[in-house]
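Residue numbers (full-length UniProt numbering): 1 to 390.
Every residue gets a Cβ at the ideal spot worked out from N, C-alpha and C, and that includes glycine.
Computed from a predicted structure; not experimentally measured.
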Amino acid sequence: MKELDFEKLFRLQMVCMKINLCHPDTKINKYWALKNLIAFTPYTVSIMLLSNAIIHYLPRKDYFNAFRNGVPVIFYVSMKLNFFFLLKKRSKLRILIDFMKGDYSQASAMDNKSKEIIQEYATKGRKVLLFWGYLMVSTVGMFVLKSVFLTIYHTKRNGQLTLSPFFDTYYPFNIKEIRVHHKLIFGITYFIELYFTSKSALIFFCTIPLGPIFMLHICGQLELVKIKFENVFENDNTDEMLKGTVQSLQYIYSFVSEINDCFMIIYEIMLKQNILLLPFTSHAMIQSIKRGEVTAEYAGILLQSVITSSIPCYYGDLLMQKGEELRLAAYNCGWECVHKSKARKTLLIIMTRALRPVAIESIFSTICLDTLTEVYSQGYTIFNLMSAML
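Below is the structure:
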């Protein structure tokens with residue numbers, strides 16, 4: 001097995017965080033503030049225009065366009081909060097990354113079975129990261145492809161160049177009508193809309209995939225501890241083996257505690273974001289189809305919203321399952337056949353602590369499949385209310 005290198009395995013994640021100026025090693029100074037001011041100015045201008053569009057549509061009872069423009073507003077609020085808490089927890093994130101680097105460096109001295117386990121979960125983490133990267137690129141790409149397709153279609157149909165916007169939204173001062181005839185105005189608005197979507201995807205990619213990467217790593221660490229319980233009472237150094245097991249578990253529990261400290265608020269934001277995005281996007285998609293409009297980009301956002309909440313909840317549930325498997329392995333390690341009082345007391349402490357699930361928490365929920373079901377249920381309830389009232 002090749003030596004695992006965190007920076008190489010998750011290079012895409014680290015590079016994106018450095019580009020977005022939220023990497024733990026990024027120095028926060030006046031130059032950092034200036035770069036962020038430049039980066040977030042068009043981002044904020046875009047959301048001000050979209051918010052203005054919502055204010056324009058609501059008094060006219062055009063709820064379809066109001067909710068359609070509400071989708072990027074939800075993204076903006078969520079991404080700004082994610083960016084803020086990612087910066088606030090930079091020191092915690094640095095600790096988690098250093099923990100993983102240390103575990104990878106120690107893997108070279110382990111036996112082949114342990115190496116394979118660490119390699120397996122590191123590979124899974126990389127696959128999750130790449131999948132999320134493809135998802136973000138394809139979501140942004142759908143908006144671009146839609147505008148290109150409609151531009152080609154309307155140009156051939158009308159016999160003259162007819163540019164299609166990135167977002168079909170309302171602009172003040174008749175900008176929407178002016179940009180039809182002025183390519184410079186069209187280019188500026190198109191750039192702002194594209195920049196907003198790309199920036200949102202970048203912030204998202206810097207934040208959400210980190211959790212599953214850390215969760216999978218801890219799943220691997222729990223597997224390593226579970227192996228230690230095999231034939232533990234058939235050895236002469238049982239007490240030393242159990243002492244090492246306790247130390248490994250203390251490390252795992254502290255790692256999970258750091259994950260919770262770092263991502264608790266971020267995951268609560270993610271859950272609430274998707275509770276709103278699922279019904280809003282579904283409503284906009286259905287209404288667009290009824291109006292005979294192309295809705296590929298809404299399908300992309302809907303898919304992204306489903307996956308965004310599903311993957312962390314799935315791996316959070318897997319982590320809880322691995323914790324339960326560890327407890328059962330401790331119980332079935334053969335303690336009943338050997339009378340070693342000290343070892344039995346140590347094992348009792350291990351099993352008592354293992355009763356508390358190894359879980360990732362948001363503010364109000366445990367990140368697991370039950371919580372995912374609740375997210376879908378609440379989203380569906382809001383969708384039904386929207387369908388009945390609008």
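Under 8 Å between C-beta atoms of residue i and residue j
i           : j    : result
P279        : M386 : yes
M270        : S310 : no
L184        : S164 : no
R94         : P24  : yes
K226        : L326 : yes
A330        : M351 : yes
G125        : L202 : no
L277        : Y314 : no
C262        : C16  : no
I97         : A107 : no
T245        : K228 : yes
V358        : L222 : yes
L302        : I218 : no
F85         : I265 : yes
M166        : E193 : Per the sequence shown, residue 166 should be read as Phe rather than Met. Cβ atoms of F166 and E193: closer than 8 Å.
V128        : P209 : yes
F191        : K101 : no
L87         : C22  : yes
Y104        : L224 : no
residue 434 : M142 : Limits of the chain in this structure are 1 at one end and 390 at the other, which puts residue 434 out of reach.
E258        : K92  : yes
S365        : T371 : yes
E297        : K113 : no
L367        : G316 : Looking at the sequence itself, residue 367 is Ile, so the reference to Leu does not match. Going by C-beta atoms, I367 is nearer than 8 Å to G316.
N260        : I360 : yes
P72         : F196 : yes
I54         : A66  : yes
F255        : F99  : yes
Buried/exposed call for residue i, threshold 16 Cβ in 10 Å
i    : result
S282 : buried
K322 : buried
T189 : buried
I349 : exposed
W32  : exposed
Y134 : exposed
C337 : exposed
K199 : buried
F204 : buried
G70  : buried
G292 : exposed
L161 : exposed
L34  : exposed
V375 : buried
R60  : exposed
S288 : buried
R68  : buried
S78  : buried
Y57  : buried
T44  : exposed
In DSSP terms, what residue i is bridged to
i    : result
T366 : E361
Range of the contiguous alpha helix (DSSP H) that encloses residue i
i    : result
S288 : 238 to 290
C16  : 11 to 19
C333 : Run containing C333: none; DSSP gives neither H nor E here.
G159 : That residue, G159, is in no alpha helix (DSSP H); it is neither H nor E in DSSP.
P42  : 30 to 57
N82  : 63 to 88
R353 : 341 to 354
H217 : 210 to 228
L4   : Note, L4: premise wrong, no alpha helix (DSSP H); not H, not E.
E234 : Careful: E234 lies outside any alpha helix (DSSP H) and carries neither H nor E.
E193 : 183 to 207
Beta-carbon separation (whole angstroms), residue i vs residue j, contact threshold 8 Å
i    : j    : result
L9   : A122 : 6 Å
S362 : Y267 : 4 Å
F233 : A343 : 7 Å
Y76  : I47  : 4 Å
G220 : E120 : 7 Å
N274 : S248 : So it is not a contact: roughly 35 Å between Cβ atoms.
A388 : F64  : About 15 Å separates the two Cβ atoms, so there is no contact after all.
T340 : T238 : Note that residue 340 corresponds to Lys in the displayed sequence, not to Thr. Right, their Cβ atoms sit about 6 Å apart.
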